[in-house]
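> So the sequence shown is numbered by the numbering used here: it starts at 4 and just counts up by one.
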Amino acid sequence: MSIIINMLKDLEKRDTTNRNMPDIEILKHKNKSFISTHKLRIYIITLSIILFILLISFLLIHQPKKQLNVLPNGLKISKQINMPVNEIKNDAMWLQPVQINGVTLQVKDNITEVTFLLSHPALYRLISDDLQNQIGLIFDNAQFQAELPPVNYLNTAIQRFSTEHIKNDTKFSFTLMPGAIIKNVTLNEVNNSAELNIAIEIPMTESSNTSDTATKSFKSPTAQSLLNQQYKNAISAVDNGDYQLAIENLSNLLKAAPDYSAARTSLAALLIDKGDQSQAKKIIESGLEINPNDLPLIELKARLLVTNGKIHQALALLQSASPPLAEYPDYYAYIAALYEKNNDDELAVRIYHQLININPQKGSWWFGLAVSLDKLGQTNQALNAYTRAFNEGHLNANSIAYLQNRLRILQEIPHETN
């Protein structure tokens, strides 16, 4: 009995001891499991971050790079016109070397038009620096075959105009007047060539709007009638061959009425015919101070410049007025003749075509067109123009003799496709 009691007591002690002892093995197992799970999470997160970084790096490295235009003097692109890719692919002419055959300047009120005559449509870039009023025009793969028109005599929106050849490209640089802006840019195909036209607008000033009326004087009908009669008497003296009397009458008339434009023009023309260029120049300059847009005086001044071998300046002066071609065709015919005289035949052909569209019966215009086409080597077109000039007539003896000689020579040449 005592043995059983002792065994029970012993079991009770063991049970109490077991309950009071911490479960060391279980705790150790739980700690190891927790540590393993935590490390696994860290590994997964780290691996995910590394994969994400690698993916971003791959995308950045293989992303298509944008082409940057490196422009001199800090210029920035303000307008760039390029042909769409599909059109370039369909017309390889855009990618071929282009010849710039001439540049013209025309002033119409407050608009200055710069026209570039191209051998065919071409790619170009227009860049600007607004801070310095600088404009750059770059033709890709281009050669400039002519000279720039001077701006000395032009009341234009352009202060300076220059050109330079950069590798295979040609760049034209403009310095604009303060406040001048580019109004529009157009590229047009003309026959087998092309023209790029840039219109530059300069703000109209109040003084320029009133300049035409500020110098006008008003006379009574009686006074005006007397002046007109005096002018008629001077013209009658010219018809009678008494040039000296005509010069005296016109000089007296201008003293009484300095703004009598017809009298001033007639007097200047008589002085030029007489060979007194110095006095003629004074008469012309005085008239242009009164009215800077007096077309007959502008043309007479241009003729004086041509007489002194200054064809470029004469052309620039004539272009500074730029009256409507349809209203003043003879004015533009003289410009075309000067272009031909200066061997700028591409420019001459351009104007003669415009004139002939207005009046196809003008033989002298067909003759001028024929001469320029002949010099350009466009034999078939020149032959047709010579023939048309001969048929229309109204040519002087020298022109007829030259025309007949060229017709005979060209007709002996085998016909070619121009």
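Note that beta-carbon positions come from the ideal geometry of N, C-alpha and C, so glycine has one too.
Near Asn362, which residues of its chain fall below 8 Å by C-beta distance, leaving aside the five closest residues on each side in sequence?
Pro332 and Trp368.
> In chain order, what are the residue ranges of uninterrupted alpha helix (DSSP H) at least 4 long that sit wholly in the segment 125 to 152?
Counting whole runs of 4 or more residues, the segment 125 to 152 contains no alpha helix (DSSP H) stretch at all.
> My output table needs one value for Leu274: the three-state DSSP class, helix, strand or coil.
Helix.
> Quick one: grab the DSSP three-state call for Ala260.
Looking at Ala260 - three-state DSSP - the assignment turns out to be coil, as it is neither helix nor strand.
> Tell me which residues share the same chain as Leu298 and place their Cβ nearer than 8 Å to its Cβ, disregarding the 5 neighbours each side in the sequence.
Counting only Cβ-Cβ distances below 8 Å, and skipping sequence neighbours, we find Ala324, Pro326, Tyr331 and Tyr334.
> For Tyr355, I'd like the list of residues in its chain whose CB is within less than 6 Å of its CB, leaving aside the five on either flank, ordered along the chain.
Correct list, in chain order: Ala339, Trp368, Gly371 and Leu372.
> Need the endpoints of the beta strand (DSSP E) that Ala202 sits in, please.
Per DSSP, Ala202 belongs to the beta strand (DSSP E) from Ser196 to Glu204.
> Asn187 lies in the beta strand (DSSP E); which residues open and close that run?
Run containing Asn187: Ile184 to Val193, per the beta strand (DSSP E) assignment.
> Between which two residues does the beta strand (DSSP E) harbouring Ile361 extend?
Not the beta strand (DSSP E): Ile361 falls in the alpha helix (DSSP H), residues Asp348 to Ile361.
> Looking at the structure shown, is Ile103 part of a helix, part of a strand, or coil, going by DSSP?
It is a strand residue.
> Identify which residue in Leu291, Ala259 and Ser254 has its Cα closest to the Cα of Leu273.
Ranking Leu291, Ala259 and Ser254 by Cα distance to Leu273 puts Ser254 first.
> Alpha carbon to alpha carbon, how far is Ala271 from Ser366? Give it in angstroms, no decimals.
Looking at the sequence shown, residue 366 is not Ser but Gly. Each residue's alpha carbon lies about 29 Å from the other.
> Can you list, in chain order, the residues of its chain whose CB lies under 6 Å from that of Leu318, leaving out five sequence neighbours each side?
So the list reads Leu341, once near-sequence residues are dropped.
> Does DSSP classify Ser251 as helix, strand or coil?
According to the sequence provided, residue 251 is Glu. The question's Ser does not apply to it. Helix, per DSSP.
> Taking the C-alpha atoms as reference points, what is the distance between Glu167 and Glu150?
Those two C-alpha atoms are separated by around 12 Å.
> So is Gln414 buried or exposed if we call it buried at 16+ other beta carbons inside 10 Å?
Gln414 is exposed by the Cβ-count criterion.
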